[in-house]
Amino acid sequence: MWKLDADRPIYMQIVERIEKQIISGAYGSGDRIPSVRELAAQAGVNPNTMQRAMTELERKGLIAGHRTRGRVVTEDREMIEERRGYMAKEMIREFLWQMRELGFDKEEILPLLRQEVTDDV
Amino acid sequence: MYEEVNDQINEYANEPGQNQVYEYPNEPERELVRVNDLTKVYGKRTVALEGVNLTIPRGRIVGLLGPNGSGKTTLIKIMNGLLSPTRGNVWINGSLPGPATKATVSYLPERNALDLSMRVEELLDFFGDFYADFSRERAGEMLRSLNISPKDRLKSMSKGTREKVQLILVMSREADLYILDEPIAGVDPAARDYIIRTIIGNYNSNATVLLSTHLITDIENVLDEVIFLKEGHVVLQSSADALREQQGKSVDAYFREVFAC
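The structure is reproduced here in structure tokens:
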């Protein structure tokens with residue numbers, strides 16, 4: 031069963047999770063996505079909820095229905111790369127916002143970040 | 061945790077096979093259950109249900125939620141023709157509870173109704189004799205996957221295993237409506253996960269599962285619709301995700317708020 035927060039719509043969390051897996055390459059371009067029923071049983075969620083998440087991922091263009099193979103991850107690598115960049119930006123903005131909340135300004139943040147990146151093995 | 065799940069997904073992703081289309085059903089002709097002005101009074105003044113109105117479509121997993129004594133089991137018993145209403149009625153597939161609905165409703169009672177001295181193979185015969193829609197193969201497959209032998213008797217099993225066997229029998233029918241009264245009460249977390257996966261894996265988009273529980277946290281991710289029953293009245297019927305979106309909290313947290321003592 032997937033770890034999902036009960037206080038946010040489940041379908042949104044599934045969309046975020048699968049989107050991350052596509053961006054990170056856990057699901058490669060052109061890979062088949064398991065059936066709604068398989069995924070629903072793995073996640074421990076309702077098939078209708080999983081269906082709704084799939085519809086949303088299709089709407090975003092990240093996955094597409096394939097004639098014989100069910101649903102597959104988009105072959106449009108450029109688009110995946112674009113989403114990857116977008117998500118990274120979002121996370122950086124979130125980080126900056128939180129640092130500002132702690133009272134750090136830009137000049138302080140950069141050296142700290144550089145240090146952490148260097149220390150990170 | 062993440063890597064582990066990713067591996068699982070990759071494993072599945074390489075499997076051949078076709079995706080099943082699972083369209084969200086909301087057309088009016090998909091109505092399966094209609095409850096109209098349903099009232100049940102025990103004796104002279106114990107009102108268990110009062111003026112309950114509900115419609116439940118096909119293709120959903122619906123949680124019937126309420127504290128003890130809110131009327132859940134009374135409603136379920138009326139739907140199964142085990143109690144008659146004082147006023148109002150229930151239609152399942154357009155029929156009042158009776159032989160026609162019993163053929164298409166698969167019911168898991170709150171308390172065990174099976175003879176504990178029976179062996180698994182006798183239970184399979186019993187269900188096969190009673191219900192034309194019972195799939196012995198499906199039940200046998202699920203029992204094998206749990207290493208339950210056809211020769212095992214119910215009384216020699218742990219409570220969790222016994223609950224699993226009963227659920228397997230109930231979910232092995234090709235029914236229109238599965239009514240499960242407290243299917244996860246008193247089982248350990250592993251058995252609970254098995255029960256949840258069995259429910260998800262066995263119902264089809266043409267059928268509906270109505271399950272009652274007061275243990276909402278354990279099961280809320282599986283529900284697409286919830287009905288709150290309070291002192292014999294329906295106080296809420298909503299999509300679970302819509303409720304989370306509107307209230308910004310879990311079904312369980314909202315339930316605690318509505319039913320705060």
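Protein chains in written order, with the working numbering: chain B, 31 to 151; chain A, 61 to 321. Ideal Cβ positions, reconstructed from N, Cα and C, are used throughout, including at glycine. Quantities reported herein were computed from a predicted structural model and do not represent experimental measurements.
Alpha-carbon spacing of residue i relative to residue j, whole angstroms
i                            : j                            : result
glycine 126 of chain B       : methionine 84 of chain B     : Reading off the sequence shown, one finds leucine at residue 126 of chain B, where the question assumed glycine. Their Cα atoms are separated by approximately 32 Å.
proline 370 of chain A       : valine 165 of chain A        : Outside the shown range of chain A (61 to 321) lies residue 370 of chain A, about which nothing can therefore be said.
glycine 220 of chain A       : alanine 251 of chain A       : 6 Å
aspartate 253 of chain A     : serine 216 of chain A        : 22 Å
isoleucine 12 of chain B     : isoleucine 110 of chain B    : Within the shown structure, residues of chain B are numbered from 31 to 151, placing residue 12 of chain B beyond reach of any answer.
glutamate 88 of chain B      : aspartate 189 of chain A     : 46 Å
leucine 92 of chain A        : asparagine 153 of chain A    : 5 Å
glycine 285 of chain A       : isoleucine 121 of chain A    : It is worth fixing the name first, because residue 285 of chain A is glutamate in this sequence and not glycine. When rounded, the distance between both Cα atoms is 7 Å.
threonine 258 of chain A     : glutamine 43 of chain B      : 23 Å
lysine 221 of chain B        : proline 39 of chain B        : There is no way to answer for residue 221 of chain B, as the model of chain B reaches only from 31 to 151.
aspartate 33 of chain A      : lysine 137 of chain A        : Not covered by the structure: residue 33 of chain A. The range shown for chain A is 61 to 321.
phenylalanine 187 of chain A : lysine 132 of chain A        : 26 Å
tryptophan 151 of chain A    : valine 107 of chain A        : 21 Å
glycine 58 of chain B        : arginine 118 of chain A      : 35 Å
arginine 213 of chain A      : arginine 222 of chain A      : 9 Å
glutamate 181 of chain A     : alanine 70 of chain B        : 31 Å
arginine 94 of chain A       : glutamate 305 of chain A     : 27 Å
serine 298 of chain A        : threonine 115 of chain A     : 12 Å
glycine 133 of chain B       : isoleucine 139 of chain B    : 10 Å
methionine 31 of chain B     : proline 249 of chain A       : 12 Å
leucine 229 of chain A       : threonine 161 of chain A     : 18 Å
isoleucine 122 of chain B    : phenylalanine 319 of chain A : 41 Å
glycine 111 of chain A       : leucine 289 of chain A       : 12 Å
lysine 224 of chain A        : valine 45 of chain B         : 32 Å
isoleucine 255 of chain A    : arginine 204 of chain A      : 15 Å
tyrosine 238 of chain A      : arginine 90 of chain A       : 16 Å
alanine 56 of chain B        : arginine 47 of chain B       : 11 Å
proline 360 of chain A       : glycine 200 of chain A       : Residue 360 of chain A is absent from the structure shown; chain A starts at 61 and stops at 321.
glutamate 68 of chain B      : methionine 202 of chain A    : 16 Å
alanine 235 of chain A       : isoleucine 260 of chain A    : 14 Å
leucine 143 of chain B       : lysine 33 of chain B         : 30 Å
arginine 196 of chain A      : alanine 163 of chain A       : 16 Å
glutamate 317 of chain A     : arginine 107 of chain B      : 47 Å
aspartate 301 of chain A     : glutamine 72 of chain B      : 19 Å
isoleucine 287 of chain A    : glutamine 307 of chain A     : 16 Å
threonine 148 of chain B     : proline 141 of chain B       : 11 Å
alanine 118 of chain B       : aspartate 193 of chain A     : 53 Å
serine 54 of chain B         : glutamate 120 of chain B     : 15 Å
aspartate 35 of chain B      : leucine 303 of chain A       : 14 Å
alanine 73 of chain A        : serine 218 of chain A        : Since pLDDT at alanine 73 of chain A reaches only 39, below the 50 mark, its modelled position is unreliable, and the value read off the structure follows with that caveat. Cα to Cα, alanine 73 of chain A sits roughly 36 Å from serine 218 of chain A.
arginine 198 of chain A      : leucine 143 of chain A       : 31 Å
Per DSSP, the bridge partner or partners of residue i
i                         : result
leucine 124 of chain A    : A:Ser272 and A:Ile287
asparagine 78 of chain B  : According to DSSP, asparagine 78 of chain B bridges with nothing at all.
tryptophan 151 of chain A : A:Arg94
arginine 101 of chain B   : B:Ile63 and B:Gly95
arginine 233 of chain A   : A:Phe194
methionine 100 of chain A : Position check: residue 100 of chain A holds lysine in this sequence, whereas methionine was assumed. DSSP output for lysine 100 of chain A lists A:Leu109 as bridge partner(s).
arginine 113 of chain B   : For arginine 113 of chain B, which the question treats as bridged, DSSP gives no partner whatsoever.
glutamine 297 of chain A  : A:Ile287
isoleucine 40 of chain B  : Beta-bridge pairing links isoleucine 40 of chain B to no other residue.
proline 117 of chain A    : A:Glu91
serine 166 of chain A     : A:Tyr238
arginine 213 of chain A   : A:Arg179
Nearest-angstrom beta carbon gap, residue j and residue i [assumed within contact, 8 Å]
i                         : j                         : result
arginine 233 of chain A   : tyrosine 191 of chain A   : 5 Å
valine 282 of chain A     : valine 75 of chain B      : 6 Å
asparagine 149 of chain A : tyrosine 167 of chain A   : Not quite, the Cβ-Cβ distance comes to about 18 Å (not below 8 Å), so this is no contact.
leucine 183 of chain A    : leucine 174 of chain A    : 7 Å
glutamate 291 of chain A  : serine 155 of chain A     : Not confirmed; about 29 Å, so no contact.
glutamine 9 of chain A    : asparagine 266 of chain A : In the structure displayed, chain A extends from 61 to 321; residue 9 of chain A sits before or after that span and is not available.
leucine 176 of chain A    : leucine 135 of chain A    : That belief does not hold up - the Cβ atoms of leucine 176 of chain A and leucine 135 of chain A are roughly 28 Å apart, past 8 Å.
proline 169 of chain A    : aspartate 241 of chain A  : 6 Å
arginine 113 of chain B   : glutamate 49 of chain B   : 7 Å
valine 294 of chain A     : asparagine 113 of chain A : 7 Å
tyrosine 41 of chain B    : glutamate 86 of chain B   : 7 Å
**Study point:** Whole alpha helix (DSSP H) elements within the stretch 174-206 of chain A, 4-residue minimum
**Key:** 180-190 and 196-205
Review point. Given 8 Å as the limit, is there contact between the stretch 228-247 of chain A and the stretch 271-284 of chain A, that is, 3 or more CB pairs closer than that?
Key: yes
Review point. Below 8 Å, can you find three or more Cβ-Cβ pairs linking the stretch 110-126 of chain B to the stretch 72-83 of chain B?
Key: no
**Study point:** Cβ contact (3+ pairs, closer than 8 Å) linking the stretch 277-287 of chain A and the stretch 98-105 of chain A
**Key:** no
Review point. Using 8 Å as the threshold, is the stretch 120-140 of chain A in touch with the stretch 200-213 of chain A, meaning 3 or more CB pairs across them?
Key: no
Review point. Can at least three beta-carbon pairs, one atom from the stretch 84-93 of chain B and one from the stretch 305-317 of chain A, be found at a separation below 8 Å?
Key: In short, these stretches do not touch, since the Cβ pair count stays below three.
Review point. Would the stretch 49-68 of chain B and the stretch 100-115 of chain B be scored as touching if the rule is three or more Cβ pairs under 8 Å?
Key: Using a Cβ-Cβ distance cut-off of 8 Å, the stretch 49-68 of chain B and the stretch 100-115 of chain B are in contact, since at least three pairs of beta carbons, one from each stretch, lie closer than that value.
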